[in-house]
Structures are given as C-alpha cells and as structure tokens.
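Residue numbers (this note's numbering): 125 to 1207.
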C-alpha cells in the first residue's frame, strides 16, 4: 500500500532537505520521489502540473498539493502535530517563529543562493565582494540571535531551526568556516541530533555531484553510506582509505581516489577516454586533479583580499599595484603620506621595520620590496604564466631585468631628478646625464628584435621598468633616440594598471611645476589683484631651454614675469615690482626706507637661509629612502625656525603689523615644513602667523558636505562656531556624487566630509575639526590647550567616533543601504546603552566634556544625537541629555544641523514595518499579518482560517509574494536608486520583464476559478499581494492583459484601507517613474 504523502525532493536543495528532516522527525509514512534538477526533471509537464514554478520541494497529500518549503513545514505540524512546540500555538511565540521563517526565505537562503547563482551559473570566477559581505552580515545576525537563546525562536526547537538548517548545512559543505560564528557553530552542533540530519548531510554537494556523475554515466556501483555522526569516517579502516577522513571516496579495484572533482574526472576519463586535454593514463589524471582541487574545495576562498600600503609618487609602490592589476587580484589600497610621517607609526613599523612602501599584506603573510612582491604575486596568483615563466632560462631573463631595473636604471634616475627637484639645479651634470643615457641605451638595445624585455610576452620585468620609465617621461617628455623603448612603451600602454601607474608618476611632475619661487610670484599677483596669463613650464622636459625662453631669461630659470616689454626674473624681485607697480605705497612693500629695509631683510633671509635649510632634508626623504633626518640638518632647520619665531615676537607679521611680500615669500617655504612635520612644534609665534596668513585668503578652504551626513554637519558646526569663511560644495550621496572619479581623487574612501585647505585634503570629521581649531583659532574654548581639559575633550571625541556614532551607524546604515530590513534588537540595545553613558557624562555638567563652554566634542556628538532624535528616539528617559540638547539650540549653526538631521529622518528606509504590541516587538510584514489575524481576529475569521489546508495555501501565497513576486518588483525599483542619478529605462533589461511576466502568470493561475488568492474568501494573502501589486500599478504597469489579477484588483478597492495603501504606492511610484521614464512602454 502506497503512502498518502508523496514528497518530491532534490538532494541539493536546502529548502527540500529542511522539509525531509521534519518528515523524519514526525516519523510520517512518506514516499520520497527524487527530482534530478541537473537532468531538468523539474521542467517535465507532469511535474509542472504539480508546481508551475518548477521548484522543489512539493508535498502531495491526497488531492492536496503544496509547494514552498516553509509552508510545507507549517502544514505538516498543523495537521499531524498541532500541539507541538515546533510550531507553538501562542500567537506571540508563533509570530517569532514566522518571523524567522520569512527571514530565512528572503535573506538567509537568498544571500547564499545569490553567491551560488553568480559563481556556478553566471560564470563569475570569484564571489563578488558585496555578495560575500551580505552573506557574512546575515550570518553575523543569526549568530547574534543565538547569543541569548539556544534555538532561533527561543529555547525550544521550532521549524525555524529546521528551515535555516537546510541552508547552513549546504553552506558548511561548500567550505564555509562556521567557527567564525561561535553561537551559530554551537547551534549547528546541537542540530546534529535531529532525525534525518545525516540524510541532510548526505545531500551535500561533493557526494551529490559524484552520485549524479555515476547516474549520468550509467555505471554500476556499490554505494556505502557512512554515518559521520557516529564517527565512521574516523575509523582506522576508513582512515587507511582516506587519511583526510572525508567523503566521498571511490574504490576501483585497488585504486583509491578521494575529492569529488577528482573522482568525477576519473570516472569520465576512465569510462569515456576520448578527452584529449588530460594525460592518457586515467589514474595519473585523477591524482593530478586531486592535488589541483584539494585547495579549491573551499568555495568561500574564492575571494582573497590583498592589502597594499602605497604612495602614488613612489615608483616601487606603483610597480606593486600594477602587478596586482595584471594578476587580477582584489586589492584594498592604503595610501600613506610619507611627508606626514604616516610610515613612521608603530603599527606600520610592525609590518615593515624599514618603514618603507610598498608593503603587501596577503592574509597573515607580509612582504615588502616591490620586486619580491612582483614575484610573489605572479607565483601565487598566476603560477606558470608568462608573467613569470617557470622555465629556468625564461625566468632567468626576467630576473636579469628585474635586478637591472633595481640597481642600474633606478640608480641612474635619482642623481638626475633629485638635484633638479630639490636643489634648484637647472642643468644636469654631464656625468649623471651620461649615466642615465647609458642605462637607456642598454634597455633600448635589449629590446632589439623583441616586443618585451624578456621575450615576446610581457613579464613582471616590464611592469617593474615601466614605473621608472615614467620618471624619464616626467623629465624629458620623450624617448629621444631610443626607438625600441618608444615602441615598447606604446605596447605596454595596453597592460592593466598602466594608466594608473602613469597617473601616479605625475605627482612628481606636478611637484616639479610647483617650485616655491614660482608660487611666491603667483601669490603676489593674487595679492595685488593683477590680471595674469599663466604659462606652466615642465623643467624636466627642457621647456626652459628653448631659444624663445632663453631670450626672456638667459639663466633659463623660472619664474619669469613679462609685463608688456618689461621682463623680470627672480621671484623676490618680481614680488617687489608687482607691489611697486600695482599697489605703490601699500603695506605689501612700504615706501618708507626703514620699513622696506625690514621687508628686504626677510626676503633675503628666506632665500639664503630658510630655503637652504629645507633642501638637505627633503631630497634624502623623497629620493634616497631615508626615513630619519640627519641631526645636523635637523639642527640647522631648527635654528632657522627659532630665528623666524623670535622675529615675530610682539609682531603679527615679519616686517610689522601688516602682511608684506616677505610673508608671501616665506609662506611658500613654510608650507614645506607643514608637509614634513604637520605642526610648528615649539614655535608658537610662527603658528599664529601662519594662521593669520591663511585666514587672509592667501589660501582658501572648501567643505564638501552632505546635510544628511552627521560627520559633515559636525564640521559645518565647527566652521560656523569658529567664524571661518569657507566655500561649500554639496555632495548628493543619493545621486552618487561621491562615486565620481573627481571626488575619488579627493578622497579614495568616497566619504564626506572632505575639507581642502590650500591643497591640503582632509577626510575624517574629528581630525578635521581639531585641525580647524589648531590652525584657525588655537585659543578657542572649543578645544582648550590645557592638557587635562584637552584630554577630556579628546576622550569624548573618541567615544563618539568609536562607540556612539559607530553603534548608531551599525544600527541605521544597513537599513539605509538596503542591506538589512530591520534593526536588530542587539543594535538597538547598543545604541541605548551609549545614551546611558552620554547622560552620565552630563551628570553635574552643562557640556559633554565637563567644560565651562561648548567644545568640539559637543558639536561632534550633537550632529549624531540630533539624527537619532529626529528618527524618533524618545529622549525623555535621559534628563541630562534632554537638557543639553535644549542648551545646544543656542549654539551657532544649530538650525543648519537640525535641517540636515530632519532630512536624514525623511530618507526612505526598509526597517518598516515594525509592530509594537505593548512590550512585544515584531518585524517582517508577513509575520505581522499572521500575528494580527491570530490575536485579534475571531477564530472563525476568514482572513486566516483554522482549516489546515487553507492555512497552508495562505502560507504558500505569502512566501511566494516575499521570495518571488515582490522581489521581481523590487529588482526594477532598485534601478531607480542605483549609484547613478542618470539611470535610464535602457537599464531595465528584457530579463527583468520576463521574470515579472512569469510571476504574474503564476498569479493568474492562482486566481483561476477563485475570487481571491487562497480561495473564494479574502485572506491576509490578498493583503500581502495588494501591497505589491498596487506598487506595480503605480509604476505605470498595465494589468489588463492579466484578467484574473485585474478583476481581483478591482474587487480589492472596497477593502478598508485600500485608499491608504494606494496613497503610499502612488508616492513611491512617482519617485521610480521620475528616474525610470516610460518604464513599461520601453519594455
């Protein structure tokens, strides 16, 4: 006698295995029919009659057919064990289970399925970073759920655990390390006691793949099942077969092979020996595959992120980065400012005690020295490739040019470039020039008859030489009499990373074009308001040596000023002329002999002493890899700075109480001091002078700002409170302004705020606000200089940065970015705990840091706190914070901050709906629908009938809406909120339309012969579909071709709340249609 229950099952389907485990748990008599998805049996007409969605699982109970795994789980319990704790009767407890079921359907399973589709079906060679992050975030969330309970819906096993287990098992079998999530890993261990668990594991990909291969080949094979729970894979007998104690293992006579892919290729090659791309001996081929695939078995190691510490102006750094581009590795770049000493930090010294770039971090492996990095990347990421051939002779040629580049070529460039750049030398010594010419001549002859240096394929030797060759371009602009190099350089331009390398090399070129004397002259022009045409010269390309320029200045030096037929060189003479001719008698260059004499004194001191003290320090740091300044050079510079500092005693400027051309001249060199040391140390007068000069518009300050960004508003508040004039540039985050290449140049992190102060770019809000006070108003009470008080302010700033704002971001930003649909309880608790701390900070204090007046810590926290307040956080339980917030309303800029906080609160978010029923909180719309119906509707209410079969149909429809129909709509809506504000209808693909059409045809079938989606009575399933379909209608979609759906939609107009639903759909539709014009007409 056959069973009344028939279960259509696929070994590889996590949802299908979840149901099978519950069937085993309930000990039901069931006939299991395997569906071979790889053979397309799910598309057979007979199966499609059971499930038009052509998906497993399918449960047949007599004449009742049910699909969707979670609906099946609920049906089995409602019918066969209605009192079971696996699906509790209490509405609140059941709602929590429903919540987790829907989370599994829409997030857990989907985050894994997206990865599988991307790699296995779309041909991606590695997991996309965003897909991996989404999965990890999901697993972290599951891990957090289990931090307080043993099971997902509480302290009892429920069908939520069965549902999620199907996905987690597959995840683990694909190689994901669950140990990273300790609570989840412990839960998985507990689940191994479930009846049917072993059957669930047996359906794992490796064993399944081998069994399917055997079936396809039609082979006779004896299958021996191992009970892994009982440790049968750890017996001495099995370990003698496979020391790795893993399944599957194939024994063919006396030949044993493990690892699923190796087994498959062995079976194919031994039974179908017509493949010519493997060695002929099948056993040899199998062993080769076993070695090749063993490391690849971990599906989740397809993404390996490399960290590169890099400086664009450094040829070795650019070499390493270009190599990464050529091997196609993912990389995270950390850009270091060497002049600011970022390579001197203890953290960086741990990576490279030499404190040099580049440094490559690959997992726990750290490597410095660019050419060693090249070899490692080629060997580890593209072993045996032409980039670094394995043949000893071919590799020897590559090594030969690598070492020539490191020693001879790079060694010939430094003595030419350094003196020109930093010592003011305009002529290259014959000896140094001949040495460089010799290196170029050798490289040129080495290319004779070859396309690249080591043969006719590019290698890492070419990548290494390119970085230094770009320096030659900077110096000379061409390759002169080196035609082979010229052609090689053109060929290399097609290599990955070439443009990036060349761009980085321009840093040095720009430095050449911005010599201090030229900058001084230009600043003087700005200060006398003269009209000017600027002609930029590249000294290294010899533009200053052409006959026309030599007529203007026989010394061939810049700057040169041409005023009609009057020509003047030497920057300080130009300063005097401009002041005398354009602003005669002004304080810039006073006519009084004594006053003028003071100005001249500092002009000459700047030329002879100050600039002369800088050169010996800058050259070794930039070009010789020196990281420590010689004591004698340091002392010389200190002496100069001490003299300049004392010269300012009792004066605002060097020659008196008004700025003069002496200040303009000196400030060009003083900028170099700031670049090297970042501060003025023990020179307070210099510090005050420097600030005054900056505030007089000799340099300008620009703020890149988004009003919805709390860090941006923090900087805005500081600027306003300091009374600083600034230019503001609004960055529209929603339109993707921060993702443009131009913004990326300012801040590679692509975050706001960004402040530019005379070319100095800053990007972290708290670093910016401390900088602003230190440089613009060092005596401000916003950031007192008293060490103890400053500590208190810094302490609160760091608390804001590392705790308050961080926890606020962790709670809200995943919602804003669409990565999550709800704020986890843990995230909420974390935010509330920070409010307790902030309230305690204010106990007995008016301001956060205990200061008498507001500090920058108050401004920083205000920006974040106002955001929290305007998204609806009740602050009445925090009396000190409430009073402080009211007190802040008197601060300058408070109204501007409030405006931005309110804008943030109005951004559409996905954390709704959330239902609060007294102390019970529930999210996820379908779980809320069920809870409301069960708790507040009458027992006989048709919205959610007690009839087991009807309820199962409702569940099926709810899951279909969540995981299929609404997803199709959302796929289209997301296009309107993509990274580009110029998204057009062309981005809506035919595939979008086909997916939506299929879902609508399924809805048509659901309604065939019925007035509503679960029968002839309205249920909560209709409410769920109504929300989705009304959205589609207000996108501009025409329902008329779908008669059943269209008629149902008209019937639903009489339902209470229909107009309210329509209003929301209409507003959302208007946004989408505004960005995706004529959406459905084009399709």
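We put the CB at the ideal spot given by N, CA and C, even for glycine.
When you compare the stretch 126-137 with the stretch 180-195, are there three or more beta-carbon pairs, one atom per stretch, that lie closer than 8 Å?
yes
On the DSSP letters alone, give me the boundaries of the alpha helix (DSSP H) that residue 558 sits inside.
If you number the chain shown from 1, residue 558 lands on position 434. 554-570 is the span of the alpha helix (DSSP H), which, as asked, contains residue 558.
Alpha carbon of residue 812 to alpha carbon of residue 470, nearest angstrom
For the purposes of this step, residue 812 is identified with residue 688 of the chain shown, where counting begins at 1. For the purposes of this step, residue 470 is identified with residue 346 of the chain shown, where counting begins at 1. Their backbone Cα atoms lie some 31 Å apart in a straight line.
Write down the C-beta distance between residue 1185 and residue 1152 rounded to the nearest angstrom, noting that I regard them as a contact closer than 8 Å.
The residue given as residue 1185 occupies position 1061 in the chain shown. The residue given as residue 1152 occupies position 1028 in the chain shown. With a Cβ gap of about 11 Å, residue 1185 and residue 1152 do not count as contacting.
Can you name, in chain order, every residue of its own chain whose Cβ lies under 8 Å from the Cβ of residue 1169, other than the five neighbours on each side?
Indexing the chain shown from 1 puts residue 1169 at position 1045. Closer than 8 Å at Cβ, skipping near neighbours: 1124, 1127, 1128, 1131, 1153, 1163.
Could you tell me whether the Cβ atoms of residue 826 and residue 908 are closer together than 8 Å?
Counted from its first residue, the chain shown places residue 826 at position 702. Counted from its first residue, the chain shown places residue 908 at position 784. Cβ atoms of residue 826 and residue 908: not closer than 8 Å.
Have a look at 149, 133, 170, 171 and flag the residue whose alpha-carbon is nearest the alpha-carbon of residue 156.
In the chain shown, counting from the first residue as 1, residue 156 sits at position 32. The shortest Cα separation from residue 156 among 149, 133, 170, 171 belongs to 133.
Rounded separation between residue 1006 and residue 967 - CA only:
By 1-based counting over the chain shown, the position of residue 1006 is 882. By 1-based counting over the chain shown, the position of residue 967 is 843. C-alpha separation (whole angstroms): 12 Å.
Figure out for me which residue from 574, 377, 365 has the closest Cα to the Cα of residue 345.
Taking the first residue of the chain shown as 1, we reach residue 345 at position 221. Of 574, 377, 365, the residue nearest in Cα terms is 377.
Once you ignore the five residues that flank residue 309 on each side, which residues in its own chain have a CB closer than 8 Å to its CB?
For this step, residue 309 is matched to residue 185 along the chain shown. 302, 303, listed in sequence order.
Would residue 973 and residue 916 be called neighbours here (beta carbons separated by less than 8 Å)?
Numbered from 1 along the chain shown, position 849 holds the residue referred to as residue 973. Numbered from 1 along the chain shown, position 792 holds the residue referred to as residue 916. Cβ distance < 8 Å, so residue 973 and residue 916 count as in contact.
For residue 380, is the classification buried or exposed, using 16 other Cβ atoms within 10 angstroms of its Cβ as the cut-off for buried?
Here residue 380 refers to the residue found at position 256 when the chain shown is read from its first residue. So residue 380 counts as exposed.
What separation, rounded to the nearest whole angstrom, lies between the Cα atoms of residue 1023 and residue 834?
Counted from its first residue, the chain shown places residue 1023 at position 899. Counted from its first residue, the chain shown places residue 834 at position 710. In a straight line, the C-alpha of residue 1023 is about 11 Å away from that of residue 834.
Looking only at C-alpha atoms, which of 981, 855, 963 sits nearest to residue 920?
One-based indexing of the chain shown puts residue 920 at position 796. For the residues 981, 855, 963, the minimum Cα distance to residue 920 belongs to 981.
Determine contact between the stretch 474-492 and the stretch 554-569, defined as no fewer than three beta-carbon pairs at a distance below 8 Å.
no
Less than 6 Å between C-beta atoms, sequence neighbours within five positions excluded: which residues of the same chain meet that for residue 506?
Position 382 of the chain shown, counted from the first residue, corresponds to residue 506. Within the same chain, residue 506 has close Cβ partners 451.
Tell me whether residue 1196 is buried or exposed, calling it buried when 16 or more other Cβ atoms sit within 10 Å of its Cβ.
Counting from one through the chain shown, the residue named residue 1196 turns up at place 1072. By the neighbour-count rule (16 or more Cβ atoms within 10 Å), residue 1196 is buried.
Taking 8 Å as the cut-off, does the stretch 276-293 touch the stretch 205-213 (at least 3 CB pairs, one atom from each stretch)?
yes
Nearest to residue 1180 (by Cα), restricted to the options 1167, 1156, 1144
To locate residue 1180, count along the chain shown from 1; it is residue 1056. Checked all of 1167, 1156, 1144; the closest Cα to residue 1180 is 1144.
Using the C-alpha atoms, what's the distance from residue 1095 back to residue 1114?
Along the chain shown, one-based indexing puts residue 1114 at 990. Along the chain shown, one-based indexing puts residue 1095 at 971. Each residue's Cα considered, the two are about 12 Å apart.
Beta-bridge partners of residue 146, as assigned by DSSP:
What you label residue 146 is simply residue 22 of the chain shown in a count that begins at 1. Answer by DSSP bridge pairing: none, since residue 146 is not bridged.
In terms of alpha-carbon separation, which member of 1000, 148, 978 lies closest to residue 960?
What you label residue 960 is simply residue 836 of the chain shown in a count that begins at 1. Of the candidates 1000, 148, 978, the one whose C-alpha sits nearest the C-alpha of residue 960 is 1000.
Within this structure, are the beta carbons of residue 443 and residue 498 separated by less than 8 Å?
Here residue 443 refers to the residue found at position 319 of the chain shown. Here residue 498 refers to the residue found at position 374 of the chain shown. Yes, the Cβ-Cβ distance between residue 443 and residue 498 is below 8 Å.
Cβ-Cβ distance between residue 963 and residue 993 below 8 Å:
Taking the first residue of the chain shown as position 1, residue 963 is located at position 839. Taking the first residue of the chain shown as position 1, residue 993 is located at position 869. For residue 963 and residue 993, no; Cβs fall outside 8 Å.
Decide if residue 714 is buried, meaning its Cβ has at least 16 other Cβ atoms within 10 Å, or exposed.
Locating residue 714 in the chain shown gives position 590, counting from the first residue. With 16 or more other Cβ atoms within 10 Å, it is buried.
Exposed unless 16 or more other CB atoms sit within 10 angstroms - verdict on residue 1106
In the chain shown, the residue the question calls residue 1106 occupies position 982. For residue 1106, the pLDDT reaches just 42, beneath the cut-off of 50, and the residue's location in the model is therefore unreliable, although a value from the coordinates is still provided. Burial call: exposed.
If residue 738 sits next to residue 772, beta carbons under 8 Å apart, how far is it from one beta carbon to the other, in whole angstroms?
Translated into positions along the chain shown, residue 738 becomes position 614. Translated into positions along the chain shown, residue 772 becomes position 648. So it is not a contact: roughly 19 Å between Cβ atoms.
May I ask you to verify whether the stretch 140-152 touches the stretch 184-201, counting CB pairs closer than 8 Å and requiring at least 3?
yes
Enclosing beta strand (DSSP E) for residue 489 [first to last residue]:
Reading the chain shown from its first residue, position 365 is the one you call residue 489. Counting along the chain, the beta strand (DSSP E) containing residue 489 begins and ends at 489-492.
Nearest by alpha-carbon distance to residue 153: which of 159, 615, 1121, 185 is it?
Here residue 153 is taken as the residue at index 29 of the chain shown, counted from 1. Among 159, 615, 1121, 185, the Cα nearest to that of residue 153 is on 185.
For residue 972, which of helix, strand or coil comes out of DSSP?
The residue you call residue 972 lines up with position 848 of the chain shown. Residue 972: coil per DSSP, three-state reduction.
In terms of residues, what are the limits of the beta strand (DSSP E) holding residue 375?
Locating residue 375 in the chain shown gives position 251, where the first residue counts as 1. Here the beta strand (DSSP E) through residue 375 covers 373-376.
Which residue's Cα is closest to the Cα of residue 740: 316, 761, 561?
Within the chain shown, numbered from 1, the residue matching residue 740 stands at position 616. Out of 316, 761, 561, 761 has the C-alpha closest to the C-alpha of residue 740.
Using a 10 Å radius around the Cβ and a threshold of 16 neighbouring Cβ atoms, would you call residue 315 buried or exposed?
Your numbering for residue 315 matches position 191 in the chain shown. Under this definition residue 315 is a buried residue.
Grab the span of the alpha helix (DSSP H) containing residue 886 for me, first residue to last.
Here residue 886 corresponds to residue number 762 of the chain shown, with the count starting at 1. Careful: residue 886 lies outside any alpha helix (DSSP H), inside the beta strand (DSSP E) at 884-886.
Pull up the distance between the alpha-carbon of residue 1193 and that of residue 936, whole angstroms please.
Locating residue 1193 in the chain shown gives position 1069, counting from the first residue. Locating residue 936 in the chain shown gives position 812, counting from the first residue. Distance between the alpha carbons of residue 1193 and residue 936: 24 Å.
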